[in-house]
Each structure stands twice: as structure tokens, then as C-alpha cells.
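In my numbering, the protein residues as written are 38 to 381.
Have a look at this one:
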């Protein structure tokens, strides 16, 4: 699922005379090109005045008085409830907020105390679901961890070291369990209040800095992981069904500026590198999914007595010159972020 959310103008944008050029029409977001819009028709510019993009969800969160205003609760009812539904079925799930610096990612994922975001609401939903299973009080176990990735290094936000230099954890990969962070603390929680305390502790330890766009920009990727284990009966035998939720507040992308100090340029380069890798991984996964679906359809037609008329050659291309149906390599390990999210 892909959702887009339109936020109100910031104080800086309002002061500079900024205007909102995005419109929401159902599941379509329309962006108006002001440079083209100001020119008369037939001026010689072939660019479109309005570009339309389709999404699974579009949220208009500019003015609370608008009838179509999407509050934090509206976003949760669409996205958060889908996460809870998937976890109950034993799936690993990843939900992340992506966007430029100051676009409202942290507000949507975490939110202020008066209007909490997706992460606290999803945690609250897990405990509400557990209360609904009152007849089986020990049927669920919840553990959480909170880390940040800064300059491609991992730091535990819930375990402070006495050293001045932040303690760096190493990422490993278990042959069966998949990628994990060695030495990362995991905390068993039994109620929603404990989750909020851990969230507040982790947020306070997260690295932020002022940029040209945002005065308190998140300069690291933060991953709040929930390990949800359910005790179930399978074939009349007790067993466990484990699932994992990765709730990710990505660092904001921003154009490099030579006026920044060396450390700020380095962290910006690492942020952009990991975000580019994330885009490549998602794109490759989508392409491989299409290849798999087409192969399934081809095998189905062959098993039904059909003849595709295409024979694969050893070089990976079909005899008719068509592209290979071989799945592409997914570069998970090109970035710590995508490596850790590999199993989700």
C-alpha cells in the first residue's frame, strides 16, 4: 500500500508567501505546475499544467475545518488497522514514512502527546486486541526495541552507554532468523503505558539538527520494532506464531548544500544513499513480483494445454529476443536500513 498525506504550510513557508499546489480528489493527488500555469495556452511549453498521481490512499490534512480533513485517527483506521489485521495472521509488516525534510513524517509516525501518530496507536491496538482474548490472558507476548541508523551505524535508543561516543551495534544475519542487531536491547511490555514511556525515552535520545528547511530535522532513520508472539493450537498441539512489525520514521532527504559543515554534508550523503537503496530495493521487488506473476500465468497456460511459443535460451533471453524472465538481484546489503528490513 502507498499513501500520500498533504500537510499545511509551515511558518517559514507562510512567511515566504508559499502556496499549496497539491489537490486531493479521492485516491488521486494533483500537482499544479505554477511555472506553466501562469503562461497562456499555446505559448510553446508542452509541459502539463496539472499532473495527476494515483495512490491507495490520499489524505488532505491542511485545514481541520475542511470536510475532507484527514486526522491522525483517519490515517490509523486505514493504515494502522491493516497492520493489526496482518499481525494477527502472523505476517511480518513494515510501515514507514518517506519524504523530504519537514514534510511531516515524524508527526504521522509518532505525533505530539495531544495527537499521537501511527506508532502509539498501533501499540494501543495490540493491547486492545489482547484484552478481547480475555479467556486466554497468556496467549500473547509483546517485546519492543528502538534503534536509530545514523551514518550507516546502528545505535540503541533504549540503552545509553556511559561513553561520550555513541555505542555502535553490529548488524548480523542468522541463517534462519535473518538479519538482526547484535546486543540490541528488547523490552517486554504488558501495557500501553510502558510502550509510551519507552517511546518517549527513545525519541529524546534521537539525533536531530537544524537545516535550511526544518529547525529540528531528524538526521537518522528510527526503527521501532514490535515482536508479537501468539500462543495457538495447531492440530491440537500447542505452538507459537511469531510476527514482527517494523515502524520506521525515515530521515528527511535534503539537497546537499556546500555551506553546511563537513559532518552535516556526510550525514546528508549517507541519508540519501540509504534512501536511494530503499527505492531500488522496492522497485526490484515490484519487478520480481511481476516476473513471478507472469511465470505463474505462463505455467498455468502450459499445464492447461496451451503453447506460449517462447523458448528460453541459455543466455537468459528468449529465442525471440524478449527480455529474460529471470528475477533480478535485490541489493538488500547495500544499506543498513534495507538489510535490517529484509524480512519485512
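Just so you know, even glycine gets a beta-carbon here, dropped at the ideal spot from N, CA and C.
Cβ-Cβ distances below 6 Å link residue 90 to 66 in the same chain, with the five nearest sequence neighbours on each side left out; the list follows chain order. Shown here, residue 190 sits in a strand according to DSSP, grouped into three states. Selection 367, 141, 38 evaluated against residue 321 yields 367 as nearest (Cα-Cα). Residue burial annotation: residue 157 is buried, with at least 16 other C-beta atoms found within 10 angstroms of its C-beta.
Residue burial is scored here from C-beta neighbours: residue 154 has at least 16 other C-beta atoms within 10 angstroms and is therefore classed as buried. According to the DSSP assignment, residue 49 belongs to the alpha helix (DSSP H) that extends over 48 to 52. In the DSSP secondary-structure assignment, residue 288 is not bridged to any residue. Classified as exposed, residue 303 has fewer than 16 neighbouring CB atoms from the shown chains inside 10 Å of its CB. Put simply, of 63, 125, 99 the residue whose alpha carbon is nearest the alpha carbon of residue 56 is 99. Minimum Cα-Cα distance from residue 42 among the listed residues 86, 135, 287 corresponds to 135. Only residues of its own chain outside the window of five on either side were considered, and among them 255, 256, 257, 258, 308 have a CB closer than 7 Å to the CB of residue 288, listed in chain order. The closest CA to that of residue 165, considering only 184, 227, 214, is found on 227. Remark: three or more beta-carbon pairs, one from each stretch, lie closer than 8 Å, so the region 201 to 221 and the region 371 to 379 are flagged as touching. Boundaries cannot be given for residue 214, as no alpha helix (DSSP H) includes it and DSSP labels it neither H nor E. Segment contact: the region 277 to 288 against the region 126 to 144, three or more CB-CB distances shorter than 8 Å; contact assigned. Checking the DSSP bridge columns, you'll see residue 270 partnered with 275. Following the DSSP letters along the chain, one finds residue 132 inside the beta strand (DSSP E) bounded by residues 130 to 134. The DSSP-derived three-state label of residue 302 is helix. Assigned with DSSP and collapsed to three states, residue 125 falls in helix. Counted as a single uninterrupted DSSP element, the alpha helix (DSSP H) harbouring residue 239 occupies residues 229 to 242.
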